[in-house]
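Presented below is the structure to which this report refers.
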Amino acid sequence: MGSVEGLGLDREISDRALKMKLKPGDVFNPRFLEDFYKDNKSLWPADVSPKENTQIKQDSRDGTVDIVFDFRPCP
3 MGSVEGLGLD REISDRALKM KLKPGDVFNP RFLEDFYKDN KSLWPADVSP
53 KENTQIKQDS RDGTVDIVFD FRPCP
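Take the position in the sequence shown, starting the count at 1, then add 2; the result is the number in the numbering used here.
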């Protein structure tokens with residue numbers, strides 16, 4: 003794991019939600035995203051999904067994955 007970022011959420015909610023099971027340096031497992039969304043469902047807007055609201059950026063040089071959870075409304 004590299005970095006984890008949350009966009010478009012209240013700061014308190016974002017901080018609480020992003021205190022998750024994976025920390026920088028841990029091995030990334032894609033199933034984690036599904037579990038993360040389920041476990042925090044009450045915090046998200048009703049129409050969010052892991053596929054639509056998550057960006058995963060791989061850095062093959064460093065062997066890391068950065069995750070961005072984007073809950074900003076569409077323009």
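Every residue gets a Cβ at the ideal spot worked out from N, C-alpha and C, and that includes glycine.
- The residues Phe73, in chain order, have a CB closer than 6 Å to that of Leu11 in the same chain once the five nearest residues on each side in sequence are set aside.
- Distance from the CA of Asp68 to the CA of Gln60, rounded to the nearest whole angstrom, comes to 6 Å.
- A direct Cα-to-Cα measurement between Lys43 and Leu35 gives close to 12 Å.
- Cα atoms of Pro47 and Pro32: separation of roughly 22 Å, rounded to the nearest angstrom.
- About 4 Å separates the Cβ atoms of Thr66 and Gly4, confirming a contact at the 8 Å cut-off.
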